[in-house]
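Since the structure comes first, as structure tokens, the remarks are kept for the end.
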Amino acid sequence: RSTLFPYTTLFRSTNFAFERISKRFGGLLAVDRVSFAVEEGRVVGLIGPNGAGKTTVFNLITGNLRPDAGTVFFRGQNLHGQAPHRIVALGIARTFQSIRLFQGMSVLENVLAGCHCRMQAGLFSSLFHTPGQRREERAALAEAQRVLAFVGLLAAANQVAGNLSYGKQRLLEIARALATRPSLLILDEPAGGMNEQETAELASLIARLRVQGLSILLIEHDMRLVMRSCDHLVVLEYGRKIAEGTPAEIRSNPKVIEAYLGADTDDDDAA
């Protein structure tokens, strides 16, 4: 395994499990007793038609929402009631469907913001610039530059984040998430708005992260990217899991085909 991200050795096994989770918004049952797992070093795709409950699942994992029933386990720990910043500290990082960068800050500063959750210096050390605090800042700077080099944005380190192309802003959001040193990376439609070349670069990045031993949970509508990048797929429809398996199994699953394309109810065809 490459040592580019040596912190991944801190997390020997992802051991992530989403067990019989349900979430209701008023009369809408957005997630209905859904269960799945993500093994260490695997890329799992969470797919389904619009409104299937995919982003709600992500928000339940990261603490932005709390489930009405069921349990989310990560490395043997129940995440119920944990605040989002605490979940990040445990080793789960995410990107968002709509880009949420610090647009007026530099590319490097955005990634340094991701490093912050691993820094130990307190208020006193920061105010008086103690030797320990300065060492920590130098280490964070080196790590931020290493992450930017890994995603291909080091040359743009001093540019304002809001001036980057849309595709590069997507990569920067991934870089910021990587700077938190996750063992599980959650990507919410990372290819949204990307052109074909940018999507190919994203697929290459996901493959390289997988080689690093990082576990990835992916929501994506680009089925070519999903089939190319994922080891395992979980399919939702109206908040329920309707199928699970390898990309090859899912591609030919009648329930999945019906969910995406609809059923033909013509009597002659049914006969």
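When we follow my numbering, the leftmost residue of the sequence shown carries the number 1200, and every step to the right adds one.
From the three backbone atoms N, C-alpha and C, an ideal C-beta is built for every residue, glycine too.
So residue i is in the beta strand (DSSP E); what residue range does that whole segment cover?
i     : result
G1313 : Note, G1313: premise wrong, no beta strand (DSSP E); alpha helix (DSSP H) at V1306 to C1314.
A1402 : From DSSP, A1402 is part of no beta strand (DSSP E) but of the alpha helix (DSSP H) over E1395 to V1410.
I1415 : S1414 to I1418
S1221 : F1215 to F1224
V1155 : No information on residue 1155 is available, as it lies outside the stretch 1200 to 1470 that the chain covers here.
Is the separation between the beta-carbon of residue i and that of residue j shorter than 8 Å?
i     : j     : result
V1359 : G1303 : yes
L1371 : N1277 : no
S1305 : A1356 : yes
T1294 : L1386 : yes
G1438 : A1251 : yes
G1366 : E1397 : yes
L1300 : A1343 : no
I1449 : A1442 : yes
M1393 : R1369 : yes
Report back the beta-carbon spacing between residue i and residue j to the nearest angstrom; my notes put them in contact at under 8 Å.
i     : j     : result
L1353 : A1292 : Between A1292 and L1353 the Cβ distance is about 20 Å, and since that is not below 8 Å, they are no contact.
D1267 : S1221 : 5 Å
S1428 : A1406 : 7 Å
E1218 : G1269 : 6 Å
F1215 : S1414 : 7 Å
G1275 : G1412 : The Cβ separation is near 18 Å, so there is no contact.
T1162 : A1229 : Look at the range of the chain in this structure, 1200 to 1470, and you will see that residue 1162 is not part of it.
A1248 : E1436 : For the sequence presented, residue 1248 should be read as Pro rather than Ala. Yes, P1248 and E1436 are in contact; Cβ-Cβ is about 6 Å, under 8 Å.
C1314 : A1348 : About 15 Å separates the two Cβ atoms, so there is no contact after all.
Got a sec, what are the start and stop residues for the alpha helix (DSSP H) residue i sits in?
i     : result
V1287 : P1283 to L1289
R1450 : P1446 to R1450
G1366 : Y1365 to L1377
L1352 : Looking at the DSSP string, L1352 is not in any alpha helix (DSSP H), and its letter there is neither H nor E.
V1425 : M1422 to S1428
Please go through the same chain and pick out, in chain order, the residues whose beta-carbon is closer than 7 Å to the beta-carbon of residue i, but skip the five residues on each side of it.
i     : result
F1323 : Reliability fails at F1323, whose pLDDT of 41 lies under 50, so the model's placement of it is uncertain and the value that follows must be treated cautiously. Correct list: empty, nothing qualifies.
V1346 : V1310, A1374, L1377 and A1378
V1237 : T1213, F1215, V1243, L1383, S1414 and L1416
D1231 : S1221, G1438 and R1439
I1286 : T1261, G1262 and L1278
A1469 : Caution applies to A1469, whose pLDDT of 38 falls short of 50 and renders its modelled position unreliable; the value that the coordinates give is listed next. Same-chain partners within the cutoff: there are none.
P1453 : none
D1421 : A1390 and T1398
G1361 : Q1302 and G1303
A1312 : F1301 and R1375
Please decide whether residue i counts as near chain C, where near means a Cβ-Cβ distance under 8 Å.
i     : result
V1230 : Annotation note: the requested chain C is absent from the structure, which comprises a single protein chain.
Sorted by chain position, which residues of the same chain lie with C-beta nearer than 6 Å to residue i's C-beta, five sequence neighbours on each side aside?
i     : result
N1258 : L1264
I1418 : L1245, K1253, D1387 and E1388
R1223 : D1267
F1272 : A1216
H1284 : none
L1363 : none
Which residues in the same chain have their Cβ closer than 8 Å to the Cβ of residue i, if we skip the five residues on either side of it in sequence?
i     : result
T1445 : D1430, H1431 and L1432
V1455 : V1434, I1441, A1442 and I1449
V1425 : G1244, I1246, L1417, E1419, L1432 and P1446
G1280 : R1265
L1326 : Confidence is the limiting factor: at L1326 the pLDDT is only 47, short of 50, which leaves the residue's position unreliable and the question unanswerable from this model.
A1471 : There is simply no residue 1471 to check, as the chain begins at 1200 and stops at 1470 in what is shown.
Any heavy atom of the ligand SAM closer than 7 Å to the Cβ of residue i?
i     : result
V1310 : Of the ligands one can find in the structure shown there are none, so the ligand SAM has no counterpart to examine.
* For the region 1229–1301, list the beta strand (DSSP E) runs that are entirely contained and at least 3 residues long, ordered along the chain. => 1242–1246, 1268–1273 and 1291–1293
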